[in-house]
Each structure stands twice: as structure tokens, then as C-alpha cells.
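Peer 1:
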Amino acid sequence: MTEKIDITLNVNGRDHAIRVEPRKTLVDAIRDDCGQTGTHIGCEHGVCGACTVILDDVAVRACLMFAIQAQGKRIRTVEGLADGDKLHPLQSAFIKHHGLQCGFCTPGFLMLAVNVLERQPDIGDEELLDVLSSNLCRCTGYQNIIKAVRAAADDMRQAGAAG
Amino acid sequence: MSHGYPAPPRAEERRVLGHPVPRIEDRPLVTGHGLYAGDVSFPHQLHMRIVRSAHAHARIVAIDTVAARALPGVVAVWTVDDITDLPPIDFRDPSAEALKPYRQPVLARGRVRYVGDPVAAVFAEDPYIAEDAAELVDIEVAPLPVLMGAQELGEFDDGRATEPTIVRHSFGDIDAAFADAHAVVEVELTIGRHSGVPMETRGAIGRYDAARDVLELHGAAKVPHRNKDTLVRMLGRSPHSLHLFEGHTGGGFGIRGELYPEDVLVLVAALRLGRPVKWIEDRREHLISANHSRHQHHRVRAAVDPQGRLLGLEDEFFHDQGAYVRTHGARVVGRTMSMLTGPYKVGAYRAVGHFRLTNKTPAATYRAPGRYEGTFVRERLMDAIAARLGIDRIELRRRNLIPGSEMPFTVEFDEPGAEELVLDSGDYPALLDKALAHFKWDEVLADVKRRRAAGEAVGTGIGLFVEESGRGPADGAKISVDTDGTVEVVTGGASVGQGFATAMAQICAEQLGVDYSRIRVVHGRTDRIAYGIGAHAARATVMTGGAVNETAIKLRQKALQYASELLQTPAEMLDIVDGIVRRRGSDGGPSIALGDIAKRVAPGAELLHGREPGLLAEAWFHTDHTVFPYGAQLAVVRVDRDTGQATVERLMIAYDVGRAVNPMMLEGQLVGGAIQGVGGALLEEFTYDQNGEPLAVTFADYLMPTLRDAPPVDVLITEDAPSPRNPLGLKGGGEGGINAVGAVIAGAIDDAIGIPGAVMRLPVTPQRLKELLRRNS
Numbered sequence: 068m069t070e071k072i073d074i075t076l077n078v079n080g081r082d083h084a085i086r087v088e089p090r091k092t093l094v095d096a097i098r099d100d101c102g103q104t105g106t107h108i109g110c111e112h113g114v115c116g117a118c119t120v121i122l123d124d125v126a127v128r129a130c131l132m133f134a135i136q137a138q139g140k141r142i143r144t145v146e147g148l149a150d151g152d153k154l155h156p157l158q159s160a161f162i163k164h165h166g167l168q169c170g171f172c173t174p175g176f177l178m179l180a181v182n183v184l185e186r187q188p189d190i191g192d193e194e195l196l197d198v199l200s201s202n203l204c205r206c207t208g209y210q211n212i213i214k215a216v217r218a219a220a221d222d223m224r225q226a227g228a229a230g
Numbered sequence: 025m026s027h028g029y030p031a032p033p034r035a036e037e038r039r040v041l042g043h044p045v046p047r048i049e050d051r052p053l054v055t056g057h058g059l060y061a062g063d064v065s066f067p068h069q070l071h072m073r074i075v076r077s078a079h080a081h082a083r084i085v086a087i088d089t090v091a092a093r094a095l096p097g098v099v100a101v102w103t104v105d106d107i108t109d110l111p112p113i114d115f116r117d118p119s120a121e122a123l124k125p126y127r128q129p130v131l132a133r134g135r136v137r138y139v140g141d142p143v144a145a146v147f148a149e150d151p152y153i154a155e156d157a158a159e160l161v162d163i164e165v166a167p168l169p170v171l172m173g174a175q176e177l178g179e180f181d182d183g184r185a186t187e188p189t190i191v192r193h194s195f196g197d198i199d200a201a202f203a204d205a206h207a208v209v210e211v212e213l214t215i216g217r218h219s220g221v222p223m224e225t226r227g228a229i230g231r232y233d234a235a236r237d238v239l240e241l242h243g244a245a246k247v248p249h250r251n252k253d254t255l256v257r258m259l260g261r262s263p264h265s266l267h268l269f270e271g272h273t274g275g276g277f278g279i280r281g282e283l284y285p286e287d288v289l290v291l292v293a294a295l296r297l298g299r300p301v302k303w304i305e306d307r308r309e310h311l312i313s314a315n316h317s318r319h320q321h322h323r324v325r326a327a328v329d330p331q332g333r334l335l336g337l338e339d340e341f342f343h344d345q346g347a348y349v350r351t352h353g354a355r356v357v358g359r360t361m362s363m364l365t366g367p368y369k370v371g372a373y374r375a376v377g378h379f380r381l382t383n384k385t386p387a388a389t390y391r392a393p394g395r396y397e398g399t400f401v402r403e404r405l406m407d408a409i410a411a412r413l414g415i416d417r418i419e420l421r422r423r424n425l426i427p428g429s430e431m432p433f434t435v436e437f438d439e440p441g442a443e444e445l446v447l448d449s450g451d452y453p454a455l456l457d458k459a460l461a462h463f464k465w466d467e468v469l470a471d472v473k474r475r476r477a478a479g480e481a482v483g484t485g486i487g488l489f490v491e492e493s494g495r496g497p498a499d500g501a502k503i504s505v506d507t508d509g510t511v512e513v514v515t516g517g518a519s520v521g522q523g524f525a526t527a528m529a530q531i532c533a534e535q536l537g538v539d540y541s542r543i544r545v546v547h548g549r550t551d552r553i554a555y556g557i558g559a560h561a562a563r564a565t566v567m568t569g570g571a572v573n574e575t576a577i578k579l580r581q582k583a584l585q586y587a588s589e590l591l592q593t594p595a596e597m598l599d600i601v602d603g604i605v606r607r608r609g610s611d612g613g614p615s616i617a618l619g620d621i622a623k624r625v626a627p628g629a630e631l632l633h634g635r636e637p638g639l640l641a642e643a644w645f646h647t648d649h650t651v652f653p654y655g656a657q658l659a660v661v662r663v664d665r666d667t668g669q670a671t672v673e674r675l676m677i678a679y680d681v682g683r684a685v686n687p688m689m690l691e692g693q694l695v696g697g698a699i700q701g702v703g704g705a706l707l708e709e710f711t712y713d714q715n716g717e718p719l720a721v722t723f724a725d726y727l728m729p730t731l732r733d734a735p736p737v738d739v740l741i742t743e744d745a746p747s748p749r750n751p752l753g754l755k756g757g758g759e760g761g762i763n764a765v766g767a768v769i770a771g772a773i774d775d776a777i778g779i780p781g782a783v784m785r786l787p788v789t790p791q792r793l794k795e796l797l798r799r800n801s
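As they're listed, the protein sequences go chains A and B. Using the working numbering, the first residue of the first sequence is number 68, and each one after it goes up by one. Using the working numbering, the first residue of the second sequence is number 25, and each one after it goes up by one.
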């Protein structure tokens, strides 16, 4: 089990050449071997969604994959959302609408929401709520997360229409 | 000493205090730059894995660690034999001698008492190897009888019963009250075993800095200073040589940040193995080893007069503490009974709380400890009285509320040592009226009636409550202004994700006249300030906020004095706006920035004239009493008779907080707490089989509310009763949201299915509700 292999993970556009056991989960590799600790581990059995990252264009739970399975794919994590000092509209909306308290689930919610709004900018409200109900938050009662995502969706649609 | 402060101004007369400004904590948290326990790493660190008992109660015959030790990468495997010099996990506050034999050892000694009990610790180069090795540790046991109910009494060990103590609170002539009663109403109620379950599991990183002879614990939370005191006692180190460090905390809710066996182990291992030691709990471990809470069974009865007035209240309850007594001692039992009467005037009272051990995960506090439980009991009883006497449930409550004219209202208990309650301020009937009006109670009732006539099972519930907050005795703060004008506030508080830094920055900014978003707030660092009580019992804003306020006032006076000398203007003519001292009400004229004053008072500066250098101050806030916010909650619940599913359609909280520091954050606290309350009322339960095997060990079995389970929560914050016990009029906001949710949902389900008193047990799972409907059909 402990024989390590060489793989390359592309995280937020940067290649990380790492040496890991085949059994190492993607989330452990992102955190421990690529040093990107913004992706969190909440349950390690695929329920809470704290470890959500975007793989190519799909939001996945990084605790349910092995690192080796992500080779050759583009991995996006919360660290890649902002453009320099300029926050992503969802990050700004979470701050403005108090969509976070302890912040532990936040990176997972952000990646989940970014992914769905990129894929379906005109998603209906019911479907959006279904998507967001796949992650757990223990602090906010979700009310402000919904507010933030709805507001960001509006902003992104307007920016899209303007651009 | 802490009474009689005048009512402070409201937000509209203030610059930043009381306003819903964005949090200063958020930017690192939304960009992935937080520092949670799992994010703390040190070079050359080892990883610890705990080997836990698979048996609920057994004698340990032998522990074989040979195979585990032989695994490459394993550095050490410890059992109790390796740490015989360590005392059990101590109580935070002095506790009754009778409780001491029931404390949890750091590793099991001779017996295991719950599934999850730490038996051995593996230290390895890599967390995966540590986990492999843990599986190779072979524990041979001889099973012992398992005790799974707190209503049964058993033997803890030779000659020691599983009831470490019985707590009693009483006042008035209870026997006379029942003898004189027009009616006696009795109910039997159970609150299920559930807990805070924060999204971040526990974590602890121990590090020994041999160069400075300092032992460090990282990943601390909630009460770092108090835990330091306990660790200093347990490890026999000098206070200056042991420090705790709090980074970001992924939710607290009472359970996170208590002192657990793993915290002690990483410290001792870091010392003895000479390398940093990191431990991160997995979710299964969390659900079977971090504090459980709430589980109580009550038999409560009320003696009432014909109008439904409470002549007497008598409660006997059984508190299922689990396998050991942890850091709080029997506190939750005490809080349950001291707060049981809540907002009502009760003629006589007698409560008996049996503090009982079972073979389950040990329990302690969860947000609104003893109050979620007590409010469920009291408000269920009020509903039962209303049903029995045929009095409207609102009217019955109104008749029993303590009127505003009787504030402050003291509840004194007969028992020596039982802390009296001195309700500081409030107008409970007025809040009830505001809540009903805001909820549009009459319209809601009419609508519910219409829907019922159309065949729906829908109902309403109400619960009234009092919260306790702001426990003293004292908090200090230090504030300094740097030469570039940046303000640093050093506190002994802690942040569990509630927005502590923003609240402190707002209080400081208001007095000091600086931009709150440029203030740096230090918390959870025992090396920066020697004293602190942290964040529990909704105390941080009241107590640490009080200290920051005092300190900021002192620093303001100092800054104005220096500015007065520099600007040749009397201090009383000066004001500080956006960090600049200038003449009151003028935009022009001479001015000086606080940073420039700091430069002018450096050591050796001419301006000092013998005064101590630096633009800094330290001050304290003392109090001898807690403060009592209060609230009302209302709900509409729909029941699906076919599936037994209860759906909360609407939930409302009216809450008087005295003065809100940040209404946006307060609303966040109340809504978040309310949804946790929904979890405890409908979903969450640590269930066990008859052998003590835990059945809720993943998030697929322990169900927490998702967004789809969370009803819209409407919040009405009122500021009618500022506390006279602190200059800012503050009361705590952390626990009101959850307090009455169990009670209100239970009442609404009764109402929906048309069976008064049907719900006697939380959580009301679909299975239980189906069973209720079947039995009553």
C-alpha cells in the first residue's frame, strides 16, 4: 500500500509534481502535497460537500476520489476564484449578505455555486435550491447563503449580458 | 457594583456600533486563506491516531501493540501504561469532590466505558500509516453488563453508583401549592441525544519549542485561557511555559474547544517524542467521541389555580451523561433547573436532577445548554395546562408572565450554593404582543383553520423563553495604536466563527473614532494576554465587549490629552474622526492623526514629560451578575399523515437583546441557531442498539438540516430592555435562536394533528410521528 507513485496535478492552472500513495484521496493531495488548504475536509464520506472542487467543469467531492484519478484534469479550488485582489462575484456576495459565519463550509459552497452558475447561468430558483441542498452548513441556517447566491447569479447574468 | 448603568444611545445616534456592517473576518475565509486546525502544520511533525474501544463496557484483558509498532513509519504506540503519571481530564471550575472519581482518563485504565473510548495512541510519520497501525493494535476484552438508560441505576466501579450526584433547586412551599391546587397537570417528556456537530471536526497540534522551553497547543478554541489553566495543573508546568493558540474555528456550539483526551496526548507526545504531533479527528470519531448533549427525561407537574396561574412547579429528571463526567461537571443539570421557570412567575418550585452515567459517549454543553431542554419541558407543560383548563395558550402564558413592572426580578433558591437568578430587565408581555403582531398571529390562525377545513394537517406553536448570557467575573483588554495608525485590540476572548473580531472592532471604533475595518483583533492567544474566559455562554460580546469599551474610552482620553498638548487646544474641544484628532465640528483647522501621536510618544519623546511611552491602554470590565435576554418563537408546521413527515413552514423569533452590536450578525446567530433547533426537534439523534453500539456514526445516519429542511426564519430584534449591568446595555445573542425551537415545533405538531400533548419526545422523526398517529387513530 505504501509504494508511492509520481503524478502531476494541475491546480488553478499550476502543475504540481507530487509523489503519493495510490490510495491518497484527492482532497488530501490538494491540501498536503499541493499546499492548497482552502479546500476543507468535513466528513470524508461524501455527504457534507466541504471538499467540493471543480474538476474540468464538474463540481466533485474531493474526498471521494483518489488523487491519481485527477491527473490530466484541470482542478479548480477556492484559491483560484479571485483575480488578484478582485474577488469573484460569489465571494463578494457571501461577504455582503453574511453568507458565512465560521467559514469552514464556505469554500465548498462557493465551488458548488460557481460551477452551477457557470454551467447554467439561467438556472431556475427551485433547481438552484436543489443543487445548494447538496452541501451542509451548520452556522447560517442557509438563509444568507441562498441570498448571496441569488444576488451573485443576478450580478453574473448582468455582467454576462453587458460583456 | 454592576448595576444602574443608564440606557445607552441607539444605533442611529452612533457611528458604527449597532450598525449592520460587513465582517472583518470574511476575506481570508472566502479566499481559502483561513487557518483551521487541519491547516496548521510544523516541519518534521508526527501524526497521531487514536485506537478506540469497540465495546460499550468491558474489562481490558490485554493490549497487543507489537504488530503496530513493527509497521515501518510508526514511531510509538502508547497505552495507559505509558502515561501513568497523567491525571484524568480535570474540571474547568472547582467541582464537587463526589464527581472526581468519574473523570475520564486520558487513555482507558483497565476498563472501557463507551464505544469510542480512547485505548491507545499511535504516532507515525504519516496519517495514513498511523491509521494502518491503529488497525493492528489488538485489544482483548472481557465484556461487562451495558447500561443504556439513565432511568436505571448501576455500578460505575466497586461500590460507586452510576449517579455521581443529585442536584436540587427549590423555593416556596411546594407541598402547600399542590394541596391548594385547582388542578394538577403532569407530563412526561424526553429530549433526544444530539449535539453541536460543527462542520470542522476537532484537531490538536502539540509542539514543544525546546529553544524557549514553551509547550504549545494549536487548534485551541472556545476557552483557550481556561484550558491553559487546566493543562498547567494537569501537566505541572509553569504558566509561562505553556501556551494555547486559536486559529480559525469551524464552528463551536459548546462542544468544540472543551479539553479532551486528545489535546493532552498531543502535548505530552510532543514533549516526550521530541517532535510536533498533529491529530485531526475524522467524522466517525467525532460522532462517537466529541461531547454529546441534551439527553434528558423529565416528569414534570404543575399545580394551577382556576385561571391557570402557576402555584407550583415540580420536576424530577434524569440526565444521561454518558460514560464519564467531563470538563463541565454537572453544570447542564444545574442550568436546566435554574432556568426551568423561564419568564413565568411561579409560586413554589422543586426540581430534582439525577445526574446519571451510562455506557454512551460522554455529554456536556450544546448551544443553550439546559435551556433548549428546559424550555421544551416548560412550554409543553404550558400547552398541557391550556388544553386541560380550556384556556387559550397565549392567554395562559400572558397570565403567568413576570410583568415589566417587577423588574429586576430575583429568583432565589433554598439550596445553599445554588446561584440566584436576578433577571436584570425586560418587558416580557410587551415582547409577546410584538411577536404576535409581527407574525400576524390572527391571520395565521385563520389561514390554518381554512387549510384544516380543506383536509390539511397544519398547526401553530408558540414558546416563550429567557436566555442567560454574559457570565463574569471579569475580562480585560489591551488596545494600542501603531505609528501608521493601525489599531490592535488584544483580548482574552475567542472566536468560534460568530464574528467576534467584527463585534470588538465596532465597539473599539465607536469610542476611538477610527475605521472599524482597519482594527486588528487578537483572540485565543494565551501568550498575548494572561487572562481570558473565551467564548461560551453568550458571554464574549457582553464581557469582552465591555472590556474593549472601557479600554477604548481610556485610550481615547489619552489620545485627546496628547493631541490637546500638541494642537494647543483644550481636550474637550477635540474629537477623533476617522483616526484624525481635530476640533469638534470643524473640517479645517489644526489636526493630527493617531499614528502621528503614536510617533510623538515613542520612548524618550519630549512630549511624555515623565509619562509612560506608547499610545496604548489596558482596562477591565467586572460584573457580578449575568444578563438575561428574552424571546418568543412561533411556528407553522405541516404534517403529512401518510409519511409522518413534519415540515416547518415558517419560524419566527422575536428577541430582545438590550442593544445589538451588529444586527446583521445577530440575525445570523438567531437564524443559524433556529435551524440547529429544527435539527434537534425533527432529525438529529445519537441512537444506540441494546449493546451500546452507536448507530449514528456518519452523516448518512446523523441527519442535520440541509437547505431543503430549513424553513424561512423571520427575525424581530427589539432593544426595549438594555441591560443596566453594562454601559453598552448589551445582552448575549448566541443562544436565543435555538432555545424554544423544540418546544414550538412540538406544539405545532400537536396542533396540526389535533392531539393535545401528543409529542412527548424529541426528535419527532417520521417513524415516531406515524406511530403517534396510528396509536391515536
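Glycine included, C-beta positions come from ideal geometry on N, C-alpha and C. Just so you know, these numbers come straight off a predicted model, no measurement behind them.
Hey, B:T510 and B:I48: beta-carbon distance below 8 Å or not?
Peer 2: Taking 8 Å as the Cβ cut-off, B:T510 and B:I48 do not qualify as a contacting pair.
Peer 1: Kindly identify the DSSP beta-bridge partner or partners of A:R143.
Peer 2: Per DSSP, the beta-bridge partners of A:R143 are A:I121.
Peer 1: I'd like to check one pair, B:E642 with B:G500: are the Cβ atoms closer than 8 Å?
Peer 2: yes
Peer 1: In terms of residues, what are the limits of the beta strand (DSSP E) holding B:Q657?
Peer 2: First-last of the beta strand (DSSP E) with B:Q657: 654-664.
Peer 1: So for A:F161, helix, strand or coil by DSSP?
Peer 2: helix
Peer 1: Return the chain-ordered list of same chain residues with a C-beta closer than 8 Å to the C-beta of A:C101, the five sequence neighbours on each side being excluded.
Peer 2: L76, V78, H83, I85
Peer 1: Can you tell which of B:E574, B:A576, B:I616, B:T365 has its C-alpha closest to the C-alpha of B:Q592?
Peer 2: B:I616
Peer 1: Please state whether DSSP places B:S194 in a helix, a strand or coil.
Peer 2: Note: B:S194 maps to strand in three-state DSSP.
Peer 1: According to DSSP, simplified to helix, strand and coil, what is B:M25?
Peer 2: Low confidence applies to B:M25: its pLDDT is 38, below 50, so where it sits in the model is not reliable enough to give any reading.
Peer 1: Which runs of the alpha helix (DSSP H) spanning at least 4 residues fall entirely within the stretch 154-220 of chain B, listed in chain order?
Peer 2: Complete alpha helix (DSSP H) runs here, min 4: 198-203.
Peer 1: Counting only C-beta atoms, is B:R307 closer than 8 Å to chain A at any point?
Peer 2: yes
Peer 1: Kindly provide the ranges of any beta strand (DSSP E) runs that are 3 or more residues long and lie completely inside the stretch 252-291 of chain B, ordered along the chain.
Peer 2: 266-269
Peer 1: Can you tell me which of the three DSSP states B:D466 falls into?
Peer 2: Helix at B:D466.
Peer 1: Examine the Cβ distances between the stretch 118-132 of chain B and the stretch 179-197 of chain B and report whether three or more of them are shorter than 8 Å.
Peer 2: yes
Peer 1: Compute the Euclidean distance between the alpha carbons of A:Q187 and A:A129, then round it to the nearest angstrom.
Peer 2: 22 Å
Peer 1: Mind pulling the chain B residues with CB within less than 7 Å of A:Q138?
Peer 2: Ordered by position in chain B, no residue passes the 7 Å Cβ test against A:Q138, which lies about 19 Å from the chain.
Peer 1: Run the CB neighbour count on B:A622, radius 10 Å, all protein chains shown included, and call it buried at 16 or more, exposed below.
Peer 2: buried
Peer 1: Listed in chain order, which residues of the stretch 190-209 of chain A have Cβ atoms closer than 9 Å to some Cβ of chain B?
Peer 2: L196, D197, L199, S200, S201, N202, L203, C204, R205, C206, T207, G208, Y209
Peer 1: Name the chain B residues whose beta carbon is nearer than 8 Å to that of A:G151?
Peer 2: In chain order: nothing, as chain B lies at least about 11 Å away.
Peer 1: To the nearest angstrom, report how far apart B:S541 and B:A529 are at their CA atoms.
Peer 2: Cα-Cα distance, rounded: 7 Å.
Peer 1: Is it buried or exposed, B:N800, if we count other Cβ atoms within 10 angstroms and call 16 or more buried?
Peer 2: exposed
Peer 1: Name the residue from B:G441, B:H267, B:E708, B:V328 whose alpha carbon lies nearest to the alpha carbon of B:L420.
Peer 2: B:V328
Peer 1: Could you have a look at B:Y232 and say whether DSSP puts it in helix, strand or coil?
Peer 2: strand
Peer 1: Are the stretch 212-219 of chain B and the stretch 451-468 of chain B touching by the rule of at least three beta carbon pairs closer than 8 Å?
Peer 2: At 8 Å Cβ cutoff, the stretches do not touch.
Peer 1: Who are the near neighbours of B:G220 in its chain, counting only those whose CB is closer than 6 Å to its CB and skipping five residues on each side?
Peer 2: F277, G278, I279, Y390
Peer 1: Among all the DSSP beta bridges, which residues are the ones paired with B:H321?
Peer 2: B:T214, B:F342
Peer 1: For the alpha helix (DSSP H) containing A:L179, list its first residue and its last residue.
Peer 2: 173-186
Peer 1: Thinking C-alpha only, which one of B:R261, B:L266, B:T254, B:T568 is nearest B:P285?
Peer 2: B:T254
Peer 1: Within 10 Å of its beta-carbon, does A:R90 have 16 or more other beta-carbons around it, so buried, or fewer, so exposed?
Peer 2: exposed
Peer 1: Comparing C-alpha positions only, which one of B:P167, B:E282, B:L425, B:A770 sits nearest to B:H560?
Peer 2: B:E282
Peer 1: Does DSSP classify B:Y586 as helix, strand or coil?
Peer 2: It is helical.
Peer 1: If we cut at 8 Å on Cβ distances, does B:M784 have a partner in chain A?
Peer 2: no
Peer 1: Using C-beta distances below 6 Å, list every residue in its chain close to B:P614, excluding the 5 sequence neighbours before and after it, in chain order.
Peer 2: The answer, listed in chain order, is L591.
Peer 1: Output yes or no for whether 8 Å exceeds the beta carbon distance between B:Y348 and B:G704.
Peer 2: no
Peer 1: Who are the Cβ neighbours of B:I84 in its own chain at under 8 Å, not counting the five residues just before and after it?
Peer 2: A132, G134, R135, V136, V143, I163, E164, V165
Peer 1: List, in chain order, every chain A residue whose beta-carbon is nearer than 7 Å to that of B:T273.
Peer 2: C169
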